[in-house]
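Read the structure below first, then the notes.
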Amino acid sequence: MAVQPSLFSPSSLVGQRALVGGSTQGIGRAVAEVLAQMGATITLLARNEDRLRQVATELPVVANQAHDFIVADFSTSAAVASQVNAYLERHPACFDILINNTGGPAGGPILQASPEAFRAAFEQHVVCNQVLAQAVVPAMQTRRYGRIINIISTSVKQPLPDLGVSNTVRAAVANWAKTLANEVAALGITVNNVLPGATVTQRHTSLIEQRAAKTGQSVATIEENLLKLIPVQRFGQSEEVAAAVAFLASPAAGYITGINVPVDGGRTGNL
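Okay, so the sequence shown: first residue is 35 according to my numbering, each after it adds one.
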């Protein structure tokens, strides 16, 4: 008789498959790597085929996994749905874990944002999450097991300056997730949100550079001011966000659903 892995261990995801969005860089890639290290077989989901192909070959293989990828652009939910459903026709009932993650909307004051910016962000985040959930939940329901984890932002608890569109749409994702969590909880499926704070990623760097260009301050000055707001006095790393995702994706988190988990060094000013 095979020895079953413990609820949360380096092998606790052996035999499971995870669909990970935005997984060619930053937090998404870090999540894909840690889930692979725990034994899950990873299907990467992003728009750049060359990078997807490269990352798929670089993911850890600890339990004879065969990682692969789906090419889809999150700017069009219909394309995401089409590509993922076509994949599921070839690999039926295959995903135990869904990680909803994609790049954030451009920064800027809310009054300067066009209606189209809101529509595009809603499509990219809320609607794409919806079509992905609709694609994977039926098989999760049949198995009475599943994990859906949305990587959002601490702005769902406390809106951030100069991120008008992002603050609005991220909050919509959080409420979508809570609604879904309540609907599928009795099916053995959990739905949770991980909220990264200031984390060293390409987007983090870009937003700081944009603020520097807008205000005339140096990048170093802006970073110093941001660090004053973070009790641990440093920026986070993608791997630290991925560790929180890994726990929520594990069997150990089966009684945790419908919550927001900030990974922000204590920056968020509320519970």
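Even for Gly, the Cβ is constructed at its ideal location relative to N, Cα and C.
Since we're looking at a predicted model, the values are computed, not measured.
Per-residue burial, residue i [other beta carbons within 10 Å of its own, 16 or more giving buried]
{"i": "His-125", "result": "exposed"}
{"i": "Gln-168", "result": "exposed"}
{"i": "Thr-136", "result": "buried"}
{"i": "Leu-229", "result": "buried"}
{"i": "Met-35", "result": "In this predicted model, Met-35 has a pLDDT of only 33, less than 50, meaning its place in the structure is not dependable enough to derive any value."}
{"i": "Leu-166", "result": "buried"}
{"i": "Leu-79", "result": "buried"}
{"i": "Asp-130", "result": "buried"}
{"i": "Gln-99", "result": "buried"}
{"i": "Ser-187", "result": "buried"}
{"i": "Leu-305", "result": "exposed"}
{"i": "Ser-116", "result": "exposed"}
{"i": "Ser-272", "result": "buried"}
Test item: CB-CB of residue i and residue j under 9 Å
{"i": "Val-203", "j": "Asn-227", "result": "no"}
{"i": "Val-279", "j": "Gly-231", "result": "no"}
{"i": "Ile-182", "j": "Ile-223", "result": "yes"}
{"i": "Gly-60", "j": "Val-54", "result": "no"}
{"i": "Gly-299", "j": "Ile-264", "result": "yes"}
{"i": "Val-275", "j": "Ala-64", "result": "yes"}
{"i": "Gly-56", "j": "Ile-185", "result": "yes"}
{"i": "Leu-221", "j": "Val-171", "result": "yes"}
{"i": "Cys-162", "j": "Asn-134", "result": "yes"}
Cβ neighbours of residue i in the same chain (closer than 8 Å, five flanking residues each side left out)
{"i": "Ala-127", "result": "Ala-173, Thr-176 and Arg-177"}
{"i": "Gly-270", "result": "Pro-230, Gly-231, Ala-232, Thr-233, Val-234, Val-297, Asp-298 and Gly-299"}
{"i": "Ile-256", "result": "Ile-242, Arg-245, Ala-246 and Thr-249"}
{"i": "Val-253", "result": "Ile-242, Glu-243 and Ala-246"}
{"i": "Ala-151", "result": "Pro-139, Ala-140 and Val-199"}
{"i": "Gln-2", "result": "Residue 2 lies beyond the stretch modelled for the chain, which goes from 35 to 305, so this question has no answer here."}
{"i": "Ala-147", "result": "Gly-198 and Val-199"}
Own chain, CB closer than 6 Å to residue i, minus 5 neighbours either side, in chain order
{"i": "Ala-74", "result": "Leu-47, Gln-50 and Ala-52"}
{"i": "Arg-81", "result": "Asp-107"}
{"i": "Val-105", "result": "Glu-83"}
{"i": "Arg-301", "result": "Gly-231, Leu-263 and Ile-264"}
Host alpha helix (DSSP H) of residue i (start-end)
{"i": "Pro-149", "result": "149 to 156"}
{"i": "Pro-172", "result": "162 to 177"}
{"i": "Asp-84", "result": "83 to 92"}
{"i": "Val-275", "result": "272 to 283"}
{"i": "Asn-259", "result": "253 to 261"}
{"i": "Ile-242", "result": "236 to 249"}
Sequence-distant residues of the same chain with beta carbon closer than 7 Å to residue i, five excluded per side
{"i": "Leu-197", "result": "Gly-141 and Ser-189"}
{"i": "Val-225", "result": "Ile-182, Ala-211, Leu-214, Ala-215, Val-218, Thr-291 and Gly-292"}
{"i": "Pro-94", "result": "Glu-67, Ala-70 and Gln-71"}
{"i": "Arg-85", "result": "Thr-58"}
{"i": "Gln-267", "result": "Leu-261"}
{"i": "Asp-102", "result": "Thr-77 and Ala-90"}
beta-carbon residue i near the ligand SAH non-hydrogen atom, thresh 8 Å
{"i": "Thr-202", "result": "Within the structure as shown, the ligand SAH is missing, as the structure has no ligands at all."}
Bounding residues of the beta strand (DSSP E) (the contiguous stretch that carries residue i)
{"i": "Asn-118", "result": "Checking the sequence shown, residue 118 turns out to be Val, not Asn. That residue, Val-118, is in no beta strand (DSSP E); its alpha helix (DSSP H) goes 111 to 124."}
{"i": "Phe-108", "result": "No beta strand (DSSP E) holds Phe-108; DSSP gives it neither H nor E."}
{"i": "Arg-63", "result": "No beta strand (DSSP E) holds Arg-63; the alpha helix (DSSP H) holding it covers 60 to 71."}
{"i": "Val-225", "result": "223 to 230"}
{"i": "Ala-306", "result": "Beyond the ends of the chain as shown, which are 35 and 305, falls residue 306; an answer cannot be given."}
{"i": "Leu-214", "result": "First-last for Leu-214: 198 to 218, but that is the alpha helix (DSSP H), not the beta strand (DSSP E)."}
{"i": "Ala-52", "result": "51 to 55"}
{"i": "Arg-181", "result": "180 to 185"}
Using 8 Å as the threshold, is the segment 203 to 217 in touch with the segment 237 to 247, meaning 3 or more CB pairs across them?
Touching, no.
Examine the Cβ distances between the segment 289 to 297 and the segment 213 to 225 and report whether three or more of them are shorter than 8 Å.
yes
Three or more C-beta pairs under 8 Å: does that hold for the segment 105 to 115 against the segment 150 to 165?
Short answer: they touch.
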